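Each remark here refers to the structure printed beneath this line.
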Amino acid sequence: MQARGLIMSERRVTGLSTAVIADLVAELGPVWQAIRDAELLDRPRRRAVGAGAKYKLVFVDRLLATLVHLRHGVTHDVLACWFQVDRSTITRAVGEIRPLLADRGCRIEGGLRLRTLADVIAHLGATGQTALMDATEVRVRRPSAHRGGRSRFISGKSRINAMKALVVTDQHGRPLFCGEVRAGSIADITQARDAGLVDLLADTIDLQILADAGYQGLAAQTYGQVVTPPRKRRGKHLEHLQWLMAHHEAARFAHSSARIPVEHGIAHLKNWRALARHHTRRENLPDTIRAVAGLLTDQQATPRTKALALPATPA
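Using this note's numbering, the first residue of the sequence shown is number 16, and each one after it goes up by one.
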């Protein structure tokens, strides 16, 4: 199909190399086919297996349409024109592929994948690495008027309708976890507690997670494993202690500098237009964030090579 060739010929369309897309087809193709077969066998049939109308949009095209939608926020109407199908077909395809991408988790060295916050803490405890933690807000559609809980999505910091995701990266800014999505009005520290971070860190020792001032208070609950910047010192007599203030500001600057990679990691996530501003249903955002994080780590872990041919896949 012409749309398939166009998407595969230009990396900027999906943000992924041909090698990464080929691996996605080989990994998710059988999973998608097994789910479809299970749905067909789950109800009484009047036709033999394999009979009836065939898919106009085969699995490879469904995957490519989903990747373009996530990368550039292309509407389903435009994608339907590209692939010469109905808009509802694209909507159904994205709804099928997005959860499969989300369930893959974030890829780390050795090809291992971290799917939950518990996996991340276990990995950090086993390897002794230092992690970086922050929360990021994604602007979402405003709930309809006169609906209960409408104000829950208004961010106290940016004063926009948003949802907040917890992001954990390594020291180089590569995502290890991205999820635990909550309404935008929740505080950063409350989101971390609700995610079970305090309980997870209770079973570890000598593990460090650098966080910003929004998480001050977790250090005491996690025995110093969550490290936050020193609190700002205030007082009318502090101007006479210039050496103390200079030391204090130097410590805050050093902590901020060590946390910069997590900001870069969040920026890479926001390069995918589906996360720059989320235009679809709010309940789809958790899967969207996890899918983008997994795809980003796939691309970061794959060396640049020459273009590869896509493997065969069931229709």
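By construction, the Cβ of each residue, glycine as well, lies at the ideal position given by its N, Cα and C atoms. Source: prediction; values computed, not measured.
Between the segment 119 to 131 and the segment 307 to 320 there are three or more inter-stretch CB-CB distances shorter than 8 Å, so the stretches are counted as touching. As computed with DSSP, Gly194 is found in a beta bridge with Leu181.
With fewer than 16 other Cβ atoms inside 10 Å of its own Cβ, Arg174 counts as exposed. With a 10 Å radius around the Cβ and a threshold of 16 neighbouring Cβ atoms, Leu181 comes out buried. When the five nearest sequence neighbours on each side are left out, the beta carbons in the same chain lying within less than 7 Å of the beta carbon of Ile22 are those of Val28, Thr29, Leu79 and Val83, in order along the chain. For the 7 Å CB-CB criterion, Leu222 and Gly140 form a contact.
Residues of the same chain with a CB within less than 7 Å of the CB of Arg128, apart from the 5 flanking positions on each side, are Arg119, Gly120, Cys121 and Arg122 in chain order. In terms of Cβ geometry, Ala210 and Leu132 form a close pair [threshold 7 Å]. In chain order, Ile204 place their CB closer than 7 Å to the CB of Gly232, counting only its own chain and leaving out the 5 sequence neighbours on each side. In this structure Ala95 touches Asp101 by the C-beta definition: roughly 6 Å separates them, less than 8 Å.
Collapsing the DSSP output to three states places Val241 in a strand. In the structure shown, Glu25 adopts coil according to DSSP, grouped into three states. Beta-bridge partners of Cys121 (DSSP): Leu129. Here the alpha carbons of Ala18 and Gln99 stand approximately 9 Å from one another.
With a threshold of 16 other beta carbon atoms within 10 Å, Tyr238 falls short and is exposed. Taking the CA atoms as reference points, Ser103 sits about 47 Å from Ser271.
For Thr205, the enclosing alpha helix (DSSP H) stretches over residues Asp203 to Asp209. When DSSP states are grouped into helix, strand and coil, Ala226 belongs to the coil group. Here the alpha carbon of Leu212 sits roughly 10 Å from the alpha carbon of Val241.
Around the Cβ of Val196, a 10 Å sphere holds 16 or more other Cβ atoms; the residue is buried. Within the DSSP bridge table, the entry for Arg154 names Ala177 as partners. Taking Gln236 as the centre and dropping the five residues before and after it, the same chain places the C-beta of Val213 closer than 7 Å to its C-beta, in chain order. The DSSP assignment places 288 to 291 and 300 to 316 as complete runs of the alpha helix (DSSP H) inside the segment 274 to 321, in order along the chain (cut-off: 4 residues). Of the other Cβ atoms in all chains shown, 16 or more fall within 10 Å of the Cβ of Leu225; this residue is therefore buried.
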